[in-house]
Amino acid sequence: MGSLDNNIFRIEGVVQHYDWGGKSFIPNLISEKNPANITYAEYWLGAHLKAPSLVKVQQKNIPLDVFLNEYSSKDSEPHFGTLPYLFKVLDVHKMLSIQVHPTKEAAKKGYELENNKGIPLTANHRNYKDQNHKPEIMVALSDFWLLHGFLERSKLIKNLQETKELYFLLKTFLSEGYVGLYKKVMEFTQEEVNIILRPLMDRIYPKFTANEIEKSAPAYWAAKSLADKDVQNLDKGIFSIFFFNILKLSKGEAIFQDAGLPHAYLEGKNMELMANSDNVLRGGLTSKHIDVEELIRNTKFEETIPAILHGNQNKSNGEVVYKTTTKDFEMSKIELNSSTSHRSVSNSIEILIAMKGSATMIENKNAFFIEKGQSFVIKPNTAYKIQTNSEAEIYKAGVPILVNCSNLEILASCSFKALIRIGISP
Numbered sequence: 000m001g002s003l004d005n006n007i008f009r010i011e012g013v014v015q016h017y018d019w020g021g022k023s024f025i026p027n028l029i030s031e032k033n034p035a036n037i038t039y040a041e042y043w044l045g046a047h048l049k050a051p052s053l054v055k056v057q058q059k060n061i062p063l064d065v066f067l068n069e070y071s072s073k074d075s076e077p078h079f080g081t082l083p084y085l086f087k088v089l090d091v092h093k094m095l096s097i098q099v100h101p102t103k104e105a106a107k108k109g110y111e112l113e114n115n116k117g118i119p120l121t122a123n124h125r126n127y128k129d130q131n132h133k134p135e136i137m138v139a140l141s142d143f144w145l146l147h148g149f150l151e152r153s154k155l156i157k158n159l160q161e162t163k164e165l166y167f168l169l170k171t172f173l174s175e176g177y178v179g180l181y182k183k184v185m186e187f188t189q190e191e192v193n194i195i196l197r198p199l200m201d202r203i204y205p206k207f208t209a210n211e212i213e214k215s216a217p218a219y220w221a222a223k224s225l226a227d228k229d230v231q232n233l234d235k236g237i238f239s240i241f242f243f244n245i246l247k248l249s250k251g252e253a254i255f256q257d258a259g260l261p262h263a264y265l266e267g268k269n270m271e272l273m274a275n276s277d278n279v280l281r282g283g284l285t286s287k288h289i290d291v292e293e294l295i296r297n298t299k300f301e302e303t304i305p306a307i308l309h310g311n312q313n314k315s316n317g318e319v320v321y322k323t324t325t326k327d328f329e330m331s332k333i334e335l336n337s338s339t340s341h342r343s344v345s346n347s348i349e350i351l352i353a354m355k356g357s358a359t360m361i362e363n364k365n366a367f368f369i370e371k372g373q374s375f376v377i378k379p380n381t382a383y384k385i386q387t388n389s390e391a392e393i394y395k396a397g398v399p400i401l402v403n404c405s406n407l408e409i410l411a412s413c414s415f416k417a418l419i420r421i422g423i424s425p
């Protein structure tokens with residue numbers, strides 16, 4: 000167990016057993032048996048109040064949010080008042096709901112409005128659980144499929160032209176654009192949805208079950224949405240599968256999803272890093288609440304050309320850094336062998352998880368062994384080294400403080416050492 004004087008601490012995350020998860024990947028990662036064969040959808044590492052990680056300190060398990068607030072020195076506190084990110088491992092076995100995240104400004108307004116209406120935070124129809132935005136980045140751990148933003152205009156037109164049951168929507172798209180098209184289908188009654196989509200499902204589902212449809216085709220995912228579900232009423236989210244990019248990421252590739260961009264995870268395993276928020280506006284494919292008016296208000300109605308990220312590689316340090324436009328977080332992958340070690344100085348609270356192999360983290364005279372499935376939290380301004388005698392793959396979450404501290408508007412959130420590094424006297 001770690002001492003309070005240490006800068007590196009072992010932590011344990013929290014499993015979320017959502018019904019869309021798999022049953023073996025996460026249990027195998029964290030060395031848990033699953034005799035009941037239940038789903039392991041997400042493994043959370045962070046200080047989110049819903050499920051904070053546990054810090055191992057002097058024979059105690061201290062929730063990470065409590066540890067940061069009460070046990071860290073002023074110089075070690077996170078730079079955003081609380082930990083600004085939530086780090087996750089995901090195993091997507093069934094499709095997740097289509098979703099859009101609000102901007103920070105929209106979240107603050109929506110949160111206050113719902114509070115004034117007296118809507119409980121735990122209510123199923125509540126849209127805003129906090130006042131924060133929720134940008135997110137994911138890195139594929141396997142082939143990973145997702146919906147990601149609206150198709151380019153020509154590609155969306157092609158989908159409507161080639162899908163006879165949806166061809167009637169072409170006129171709406173040509174005259175009213177993305178917003179008119181999306182608003183029209185999202186405002187269909189359940190009866191209208193069933194009448195329009197039933198012939199489509201009857202046509203494509205037999206082909207799906209016979210493995211005659213490629214995964215890159217919207218018909219594949221439209222048909223898969225029926226699997227293991229009551230199909231008496233069809234889901235209006237099926238329309239969106241024909242409107243959005245169907246994206247396949249290979250292992251190590253990443254994608255960033257900012258406020259307003261509609262998306263949905265379809266299948267695969269990934270590392271996900273997001274702002275510490277629970278604000279999600281749903282657009283179908285699951286039974287979760289849909290507030291069509293609020294969804295449309297927060298959606299970016301524009302074509303999206305997916306920007307797949309391969310990361311900035313530092314071969315001598317064994318690190319690949321996935322840069323984004325957000326100041327809330329930064330994710331990197333550290334791949335080491337016996338001839339490559341990793342040296343770093345943490346600019347913020349960092350969380351590390353080993354996905355493969357084992358390694359040793361060295362900080363001053365302290366050494367910490369990390370192996371597959373284990374996680375550690377590192378205080379800011381900590382110089383450390385990671386080395387291995389074999390191979391190791393470690394993912395790291397932190398905050399890109401050096402970039403952010405060049406912005407004079409947020410200097411108050413920067414640590415003393417970060418200010419000194421960019422030549423500013425605090």
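Each residue of the sequence shown is one higher than the one before, starting from 0 at the first, in numbering that gives the first Met the number 0. We treat Cβ as the ideally placed atom computed from N, Cα and C, and that holds for glycine. Being a predicted model, the structure only gives us computed values, none of them experimental.
Assigned with DSSP and collapsed to three states, residue 19 falls in coil, not helix or strand. Judged by their CB atoms, residue 86 and residue 54 are not nearer to each other than the 7 Å cut-off. Straight across, the Cα-Cα distance linking residue 112 with residue 278 is about 14 Å. In the structure shown, residue 104 adopts helical secondary structure according to DSSP, grouped into three states. Looking at the DSSP output, residue 147 sits in a beta bridge with 262. Counting only runs of 4 or more residues that sit fully inside the region 172-222, the alpha helix (DSSP H) segments are 189-208, in chain order.
In the DSSP assignment, residue 238 falls within the unbroken alpha helix (DSSP H) covering 236-242. Annotation: the continuous beta strand (DSSP E) that includes residue 374 extends over 374-377.
When DSSP reads this structure, residue 270 sits in a beta bridge with 88 and 138. One thing to note: residue 21 has its Cβ no nearer than 7 Å to the Cβ of residue 129. Taken atom to atom, the span from the alpha-carbon of residue 40 to that of residue 169 is near 38 Å. Listed as beta-bridge partners of residue 39 by DSSP are 21. About 15 Å separates the CB atoms of residue 394 and residue 348; that is not less than 8 Å, and the two are not in contact. Unbroken beta strand (DSSP E) stretches of 3 residues or longer found wholly inside the region 317-394: 318-321, 329-336, 341-344, 349-362, 365-370, 374-377 and 382-386, given in chain order. Annotated as distal: residue 264 and residue 136, with beta-carbon spacing of 7 Å or more.
In the three-state scheme derived from DSSP, where H, G and I count as helix and E and B as strand, residue 300 is classed as coil. Around the beta carbon of residue 125, a 10 Å sphere encloses 16 or more other beta carbons of the protein chains shown; the residue is thus reported as buried. For residue 152, there is no enclosing beta strand (DSSP E); the residue is found in the alpha helix (DSSP H) stretching over 152-161. Per the C-alpha coordinates, the member of 234, 59, 356 and 253 positioned closest to residue 185 is 234.
Under the DSSP assignment, residue 399 falls outside any beta strand (DSSP E); it carries neither an H nor an E label.
Per DSSP, the beta bridge partners of residue 253 are 138 and 308.
Residue 170 carries a helical assignment under DSSP once its states are collapsed to helix, strand and coil. Comparing C-alpha distances from residue 10 to each of 384, 382, 377 and 324 shows the shortest one belongs to 377. In this structure, the straight-line span from the alpha carbon of residue 151 to that of residue 246 is close to 13 Å. In chain order, 377, 379 and 381 place their CB closer than 6 Å to the CB of residue 345, counting only its own chain and leaving out the 5 sequence neighbours on each side. Of the residues assessed, residue 398 falls on the buried side of the cut-off, its CB having 16 or more other CB atoms within 10 angstroms.
If you check the CB distance, residue 176 and residue 244 do not come in under 7 Å. Using a 10 angstroms sphere on the CB of residue 231, the tally of other CB atoms stays under 16, which defines it as exposed. With 16 or more neighbouring CB atoms inside 10 Å of its own CB, residue 268 falls in the buried class. Beta-bridge analysis with DSSP links residue 44 to 86. Taking C-beta separations shorter than 6 Å and ignoring five residues to either side along the sequence, residue 191 has no partners in its chain. Residue burial is scored here from C-beta neighbours: residue 256 has at least 16 other C-beta atoms within 10 angstroms and is therefore classed as buried.
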